[in-house]
Amino acid sequence: MDVSCMAPVQPEIWGRAEWPLGAHLTDDGATFAVYAPDATRVQLEFFPNALGADSAASYPMTKGADGVWRAHISGVFEFDLYGFRAWGPNWSWDPVWVPGSSVGFVTDIDERGNRFNPNKVLFDPYALEITHNVYSDAILETGLDGGAFGTGGDDYRGVPRRQVDTGRIAPKGVILRPTSPAFTKPRLPGEKAAIYEASVSQLVGHPSIVGLGTLLSREPGFEDVVNIPEEYLGTYKGVGMMAPYLKALGITTLELLPIHETNQSESSREGHTNSWGYMTLSFFAPNRKYAYDKSLGGPTREFQQMVAAFHAAGLEIYLDVVYNHTAEGGNWNGDPNTVGFTSLGGFAAAEYYVMTSSHALVDGATGTSNQLNYSSPMAQRLVLDSLRHWTSEMGADGFRFDLATVLGRKPNEADREDWDNQRRFFTDHPLLADIARFADEQHIEVIAEAWDLWGYEVGNFPHGWGEWNGRYRDAVRRFAKGDGNVLEFLDVVNGDHSHFADNGGPQKTINFIDAHDGFNMADLVSYQQKNNDQPYPFGPSDGGSDDNMSWDSGGSQELRRQRVRNFLTILLFSRGVPMFVAGDEFGRTQNGNNNPWAIDSVAMWNNYAMIPTNAPQQVAVAPDATDAAYHDNLGVFETEPLVNGLFRFTTFLAKLRQRHESLQQKYYGDLVPDDQDVSYLFYTPSMEGDLQDGDRALSVYINSPGDNFLMMVNMADAEVGFTVPTPADGRVWRRLVDTGVWAEPASNFWPEGTGILLEGVVWVQPWSVVVWHDTVAPEESGGGRATS
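Numbering (UniProt numbering), first residue to last: 1 to 788.
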């Protein structure tokens, strides 16, 4: 940056709508705009380096009637670094002030709850990239640490903490020129989605990806999968190269855990890790850690290339986004005067955060030290502008909103201690409606995690929203361990009609057995309780639910394998959109850890060496991880030694769902013509009488104008005989799936049209699921038949 040629240029009209927030290059420099309505002075500063350097130039900005401070600076170029300092009623501007002084200080908090402090350099909330995060190990090399970011009067190395200047360590905004790539999005209808949830590290962090193509060379349909160079481990570049794998697996949509810039040290220092990324530091900047190209602008380009690779394969990418709280944290040691604001809170804490009447940050619905305030129109705008950036500039096809109920709460400004009102969820909240409208206009999907610590709102989000269906998870987990909650079970398998019929249809219920938090699928059938206190690399970790509705299958490895197949079969044949977690397809285990949010270790990542083997949990954790081992909960599949039967089974089910429209329904059938009606019909095994709670076996008849499916579910501990509906003239029932251990040599499935024929009564083994498919009757029956 040539600071000698910079000079502020005052525009003719301040506050004009065409001047957006953030930094934007122009023909002769750049415009800057930041929202700070209660500030009395905002100073824009430019830095020659991200760390260890004082500002090279600074300029006062001008405040508009809308509370936005603006400046146009000439001589600014792409990749220049910038930050801000802000003054307000609690810290008045004085021309003799210098960084690190207390000149002008009045109090730490003003009457509205703002914490203006000019000693703390702030990064632009709209910065398209930031240079580093506040947990970066590189900060320690300057001689300071994260304690320098704090305000308040307690001591920090001999001076009041509020006086410590952070100019040399604060994250800086990076000026980028938008590329506006022309993404060719698949725009898949919501009902056709099959979602695979993973973090970047989990998907491509394990060294086994270096031989991925070789490992999968014997797997039919995976011929396009390639070995991924070692330098792309844990990067967006590596994820882009995984598109052929996911497509061959039968997945349409990768849902990435948060990729916004977050707080995490490079060396995973204790107390400074966040493997999952649920602490958003910047709502516009991609996490630099995940970029192979870490140069300025590199993470943005690489992310765009990753998305383009998925689109070229006909696949989508959803982003898990965290708008309910931020990584700025809360009150340090319970003291409202001491906070670590580095961006939003330093400009407009009273607008962006929920606070008590004494201005303490509320740690209520999120449990993460702070909660964003969506009564504020500017906070609402921040979310919508962020979504627009990730949709248009970065190419995302959809979003999953962490603790999305926070976006529908309206704190009571008149009485901030009225917690009953604070907890209310407003289905007519303007932000929820605006997000749904934006999604419709952009042809993207928006999915809510419809609960937080203040309430559970599954099925209550406005029209246009999809929702993670926690009711589905709980009902299926319970029924699959023999609880006999059959009425609850059949309701969720039918797409949870009572909760989603008015919310857009069954494609709005995101059905899942497991997610990133909680047991993964192999562990769900292997442990009675969480096992979070184990040593690294599988632990230790805090938190995690104590009520997992899990069962260790009586210690039987055979039954565990069978029950994983049960879960996958029920999931892929349920009405709604299926989602499962990375590694479920081949038996990944976390050794019973159900909340490894801070464990950034090779033991938590997809080990693709588990695929070409019939003993997946007996492989080494990694070539150099000699002091760690997976728990062998699943044992040995009765397949060929180089075949993971679970992997082939999962692939068959996922691709089967893609081939059959009857398994991808937008409607329940009650509002469509008969020639489009797909009905889920539920029967007792004998087809006589009605199902009653306590029953542990049932038939699910998926009846459609095309072909039909019959799923026999037996969660009893004894064989059950099932009678079947008579197929239409000229058609027969053929076996498609049997989850029983006896069928492992066939990987528990038979390609369509090849399975044995069904006649009369068929006996289904305990704790198993059998699926039949009606097909055109063969000219000669031949083959085997299943009979009583």
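Don't be surprised by glycine CBs; every beta carbon is placed ideally from N, CA and C.
Just so we're clear, the structure is a prediction, and the values are computed from it rather than from any experiment.
Residue of the options minimising C-alpha distance to residue i
i	options	result
L487	K530, F399, T684 and K237	T684
G75	V103, W91 and I175	I175
F538	F512, G555, R561 and R588	R588
R177	E393, Q528, H260 and S208	E393
P766	V720, W750, E752 and G753	V720
F283	V321, H359, S136 and L646	V321
D632	A620, T427 and G152	A620
L257	K247, L233, Y290 and E266	Y290
S275	A480, L203 and V225	L203
A313	P778, Y292, T368 and I251	I251
H497	V339, I109 and N469	N469
T40	D110, P20 and S358	D110
G753	G669, L372 and L656	L656
S375	W332, D363, S386 and F426	F426
D145	T569, R161, L216 and L382	R161
T629	E266, P616 and D693	Note on residue identity: the sequence assigns Ala, not Thr, to residue 629. Here the closest residue by C-alpha is P616.
S268	G67, A598 and S704	A598
T366	T107, H359 and R423	R423
Nearest-angstrom Cβ-Cβ length linking residue i and residue j, presumed shorter than 8 Å
i	j	result
W451	E445	About 19 Å; that fails the 8 Å criterion.
K172	A50	5 Å
M521	V602	Between V602 and M521 the Cβ distance is about 20 Å, and since that is not below 8 Å, they are no contact.
W91	F116	5 Å
G455	K508	With 8 Å as the limit, G455 and K508 do not qualify as a contact, their Cβ atoms being about 19 Å apart.
E191	Q664	5 Å
T342	V476	Going by Cβ atoms, the distance from T342 to V476 rounds to 43 Å, so no, they are not a contact pair.
F310	L384	Going by Cβ atoms, the distance from F310 to L384 rounds to 24 Å, so no, they are not a contact pair.
N511	F461	Actually they are not in contact, since the Cβ atoms of N511 and F461 sit about 16 Å apart, beyond 8 Å.
F586	L646	6 Å
Per DSSP, cross-strand counterpart(s) of residue i
i	result
I447	R400 and G466
P578	N511
G83	E45
Y456	W451
I109	Per DSSP, none; premise fails for I109.
residue 805	This structure cannot settle anything about residue 805, because the visible part of the chain is limited to 1 through 788.
V486	Partner(s): none; V486 has no beta bridge.
G22	A33
F425	R409
Exposure of residue i, with buried meaning 16 or more beta-carbon neighbours within 10 Å
i	result
S541	buried
A414	Caution is warranted here: a pLDDT of 48 is assigned to A414, below 50, making its placement in the model unreliable, and the coordinate value is therefore given only provisionally. Looking at its Cβ environment, which holds fewer than 16 other Cβ atoms inside 10 Å, A414 is exposed.
L642	exposed
A65	exposed
A348	buried
W733	buried
G113	buried
E328	buried
W742	exposed
P596	buried
Y536	exposed
T775	buried
G576	buried
K120	buried
A86	buried
H463	exposed
M241	buried
D165	buried
residue 804	Nothing about residue 804 can be read from this structure; the chain reaches only from 1 to 788.
D514	buried
P778	exposed
A23	buried
F79	exposed
K247	buried
E640	exposed
Q529	exposed
G730	exposed
(request) Please list the segments of the alpha helix (DSSP H) lying wholly inside the stretch 191–218, counting only runs of 4 or more residues, in order along the chain. (result) 200–204 and 212–215
(message) Ignoring anything shorter than 3 residues, give me the beta strand (DSSP E) runs that lie fully in the stretch 242–325, in order along the chain.
(response) 253–256, 260–262, 280–286 and 316–321
(request) Return the chain-ordered ranges of every beta strand (DSSP E) run that is complete within the stretch 681–752 and spans a minimum of 3 residues. (result) 697–703, 709–714, 720–723 and 731–738
(message) If we require 4 or more residues per run, which alpha helix (DSSP H) segments fall completely within the stretch 342–376?
(response) 344–352
(message) My parser needs the alpha helix (DSSP H) runs of 4 or more residues fully inside the stretch 550–630; what are they?
(response) 557–573
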